[in-house]
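Asks: Got a structure for you, written out below as structure tokens; questions coming shortly.
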Amino acid sequence: MATLTAARRLVVKIGSALLVDRTTGDLRADWLRSLAQDVAWLKGLGMDVILVSSGSIALGRGVLGLPRTALPLEQSQAAAAVGQIRLARAYEEALDPHKITTAQVLVTLEDSEDRRRYLNSRATLETLLSLGAVPIVNENDTVATDEIRYGDNDRLAAQIAVTVGADQLILLSDVDGFYTGNPNDDPNATRFDVIERITPEIVAMAGDAGSGLSKGGMKTKLMAAQMATAGGCAMAITEGSPLNPLKTLENGANCTWFTAMLDPQAARKRWIAAMKPRGEITVDAGAARALEGGKSLLPAGVTEVSGAFGRGDPVVILGPEKRRLGQGLSRYTGDEARAIRGRRSTEIEATLGYPGRAALIHRDDMAL
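Per full-length UniProt numbering, residue 1 is the first one in the sequence shown, and the count goes up by one each step.
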């Protein structure tokens with residue numbers, strides 16, 4: 001069974017019902033301060049932490065005096081716009097006493113699925129983590145064109161976890177794990193401690209029940225587990241309402257762990273290698289040696305670029321004798337790559353007319 005402190009990079013998903021009091025609609029400030037203590041503890045162990053937080057609509061509807069029943073789309077978006085400010089400020093105030101910088105990152109599921117936007121999200125999150133910040137991620141509900149569903153944050157958290165190569169994803173929920181049936185309806189339902197493989201039988205056990213503040217039921221959590229474990233990330237579902245919920249989990253609280261199929265980096269490289277390439281990049285002998293040594297591909301080592309590909313598209317990497325070295329996701333379009341090939345990274349801005357990234361293909365976006 002996984003242990004929380006074994007993670008190098010952790011994503012924690014926080015449901016609306018944990019942050020917002022069901023009766024009053026107010027923020028549960030004491031609980032949030034205890035979560036901030038947990039985050040400081042984990043960061044003190046050298047861990048990267050990302051929080052994927054619901055709650056903006058639940059907070060905003062109280063401020064605007066909207067009913068606690070299902071809201072039409074335009075009222076949900078208005079509530080999100082009001083609540084998101086308060087949510088971000090609450091996290092900032094909770095983490096600031098621990099000298100932890102917070103960053104608000106608003107994304108959509110499509111941002112993780114589109115390769116160009118995926119690279120942007122990944123680069124931003126990686127930079128924030130490298131600078132010691134804790135990103136607070138939420139779906140950009142204020143501009144959603146489809147019906148807003150809180151449960152999407154389960155899947156969004158899984159996609160964020162896979163995007164940043166997290167070891168573990170923790171879903172802090174209003175249930176203490178995955179059961180054979182709905183424990184509220186079935187007195188014989190039993191909780192799984194560990195699920196090593198998500199079988200059709202496991203899928204059939206998932207129900208749709210959710211809390212009054214969240215539409216996310218067990219089905220969305222199981223979908224998140226499928227996504228996370230396939231990407232090399234272990235996932236746990238646990239009861240999040242106690243104070244210091246992450247320390248409580250580490251100290252043996254009830255939960256269900258879903259075992260990762262691969263380690264995150266191996267899963268990511270397998271995903272990249274399986275893509276259909278959109279172009280080819282040929283490198284010189286020096287660049288080939290650097291790649292084999294685990295380095296990123298810089299424009300200076302590129303001798304030839306072929307194909308019409310976009311930023312984020314997969315391209316084949318060829319050695320000086322056209323031997324296939326591997327495949328990677330390009331950080332530039334085909335036209336941009338042709339313009340900067342053979343040039344030093346310091347010359348990119350002068351060549352393209354705008355600042356660019358130093359690497360044409362980053363080592364984390366490469367499968368050799």
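Think of the CB as a built atom: it goes at the ideal place given N, C-alpha and C, for glycine as much as any other residue.
Reducing DSSP to helix, strand and coil, say where Asp-185 ends up.
Replies: Of the three classes helix, strand and coil, the one that applies to Asp-185 here is coil, per DSSP.
Asks: Tell me the residue span of the alpha helix (DSSP H) that contains Arg-270.
Replies: Where Arg-270 is concerned, the enclosing alpha helix (DSSP H) stretches over 264-273.
Asks: CA-CA distance, Val-134 and Glu-292?
Replies: Their Cα atoms are separated by approximately 33 angstroms.
Asks: Identify the continuous alpha helix (DSSP H) that holds Lys-13 and give its terminal residues.
Replies: Segment 9-14 is the beta strand (DSSP E) holding Lys-13; no alpha helix (DSSP H) there.
Asks: Please list, in chain order, all residues of the same chain as Arg-61 whose beta carbon is under 6 angstroms from its beta carbon, the five residues on each side excluded.
Replies: If we look at Arg-61 and ignore the five residues flanking it on each side, its Cβ neighbours are Ala-79.
Asks: Just reading off the beta strand (DSSP E) that Glu-304 is part of, what are its end residues?
Replies: From DSSP, the beta strand (DSSP E) with Glu-304 extends over 302-306.
Asks: Which class does Pro-101 belong to by DSSP, given the choice of helix, strand or coil?
Replies: Note that residue 101 is Thr in the sequence shown here, rather than Pro. In this structure, Thr-101 counts as coil in the three-state DSSP scheme.
Asks: Which class does Leu-64 belong to by DSSP, given the choice of helix, strand or coil?
Replies: DSSP places Leu-64 in helix when its eight states are reduced to three.
Asks: Checking 8 angstroms against the spacing of the C-beta atoms, do Gly-165 and Pro-314 come in under that value?
Replies: Contact: no.
Asks: On a Cα-Cα basis, can you pick out the residue from Thr-259, Pro-97 and Thr-69 that is closest to Asp-167?
Replies: Among Thr-259, Pro-97 and Thr-69, the Cα nearest to that of Asp-167 belongs to Thr-259.
Asks: Kindly indicate which three-state DSSP category Glu-292 falls into: helix, strand or coil?
Replies: Note: Glu-292 maps to helix in three-state DSSP.
Asks: Identify the continuous beta strand (DSSP E) that holds Pro-314 and give its terminal residues.
Replies: Element bounds for Pro-314: 314-318.
Asks: Take the Cβ of Tyr-354 as the centre, count every other Cβ of all protein chains shown within 10 Å, and call the residue buried at 16 or more, exposed below.
Replies: Exposed, since its Cβ has fewer than 16 Cβ neighbours within 10 Å.
Asks: I'd like to check one pair, Ala-224 with Leu-171: are the Cβ atoms closer than 8 angstroms?
Replies: Result yes, Cβ atoms of Leu-171 and Ala-224 sit closer than 8 angstroms.
Asks: Take Ala-189 as the anchor and find which of Thr-238, Gly-342 and Thr-180 has the nearest alpha-carbon.
Replies: For the residues Thr-238, Gly-342 and Thr-180, the minimum Cα distance to Ala-189 belongs to Thr-180.
Asks: What ranges does the beta strand (DSSP E) occupy inside the segment 42-96, keeping only unbroken runs of at least 3 residues that lie completely in it?
Replies: The qualifying runs are 48-53.
Asks: What is the residue span of the beta strand (DSSP E) that Val-135 lies within?
Replies: Sequence inspection shows Pro at residue 135; the Val mentioned does not correspond to that position. Taken as a continuous stretch (DSSP letters only), the beta strand (DSSP E) holding Pro-135 covers 134-139.
Asks: Does DSSP classify Tyr-179 as helix, strand or coil?
Replies: Residue state, collapsed to three classes: strand.
Asks: Please report how far the alpha carbon of Lys-322 lies from the alpha carbon of Ala-285, in whole angstroms.
Replies: Taking the straight line joining both Cα atoms gives about 11 angstroms.
Asks: Who pairs with Cys-255 in a beta bridge, going by DSSP?
Replies: Paired residue(s): Thr-238.
Asks: What does the Cβ neighbour count give for residue 369, buried or exposed, with the cut at 16 atoms within 10 Å?
Replies: In this structure the chain extends from 1 to 368, so residue 369 is not present and cannot be described.
Asks: In the DSSP assignment, the beta strand (DSSP E) including Leu-169 goes from what residue to what residue?
Replies: First-last of the beta strand (DSSP E) with Leu-169: 168-173.
Asks: Is the segment 315-334 touching the segment 267-283 in the sense that three or more CB pairs, one from each, lie closer than 8 angstroms?
Replies: Segments in contact, yes.
Asks: Buried or exposed: which applies to Ser-214, given that a residue is buried once 16 or more other Cβ atoms fall within 10 Å of its Cβ?
Replies: Any reading at Ser-214 needs caution, since the residue's pLDDT is 40, under 50, leaving its predicted position unreliable; the model's value is listed next. Burial call: buried.
Asks: Answer yes or no: do Val-12 and Leu-262 have a C-beta to C-beta separation smaller than 8 angstroms?
Replies: Taking 8 angstroms as the Cβ cut-off, Val-12 and Leu-262 do not qualify as a contacting pair.
Asks: At a cut of 8 angstroms, does the segment 114-124 reach the segment 68-87 through at least three beta carbon pairs?
Replies: No, the segment 114-124 does not touch the segment 68-87.
Asks: Taking 8 angstroms as the limit between beta carbons, can you name the residues of its chain near Pro-320, skipping five residues before and five after?
Replies: Answer for Pro-320: Thr-282, Val-283, Asp-284, Ala-285, Ala-288 and Thr-303, listed in chain order.
Asks: Can you tell me where the alpha helix (DSSP H) holding Leu-222 begins and where it ends?
Replies: From DSSP, the alpha helix (DSSP H) with Leu-222 extends over 218-230.
Asks: What would DSSP say about Gly-212, mapped onto helix, strand or coil?
Replies: Confidence at Gly-212 is low in this model, with a pLDDT of 36, below 50, so the placement of that residue should be treated as unreliable; the coordinate-derived value is given next. Residue state, collapsed to three classes: coil.
Asks: Between the C-alpha atoms of Gly-46 and Ala-228, what's the straight-line distance to the nearest angstrom?
Replies: Taking the straight line joining both Cα atoms gives about 22 angstroms.
Asks: From the DSSP output, read off the bridge partner residues of Gly-328.
Replies: In the DSSP output, where bridge partners are listed per residue, Gly-328 has Val-315 and Met-366.
Asks: Measuring CA to CA, which of Gly-252, Ala-234, Cys-233 and Met-235 is closest to Pro-242?
Replies: Answer by Cα proximity: Gly-252.
Asks: Does the beta-carbon of Lys-221 have 16 or more other beta-carbons within 10 angstroms, so that it is buried, or is it exposed?
Replies: The residue in question, Lys-221, is buried, as its Cβ has 16 or more Cβ neighbours within 10 Å.
Asks: Can you grab the Cα-Cα spacing for the pair Ala-209 / Ser-54, in whole Å?
Replies: No answer about Ala-209 holds up, because its pLDDT of 43 lies below 50 and its placement is not dependable.
Asks: Just to confirm, are His-98 and Ala-29 a CB contact at a threshold of 8 angstroms?
Replies: For His-98 and Ala-29, no; Cβs fall outside 8 angstroms.
Asks: Do you know how far the Cα of Asp-185 is from the Cα of Ala-234?
Replies: Their Cα atoms are separated by approximately 28 angstroms.
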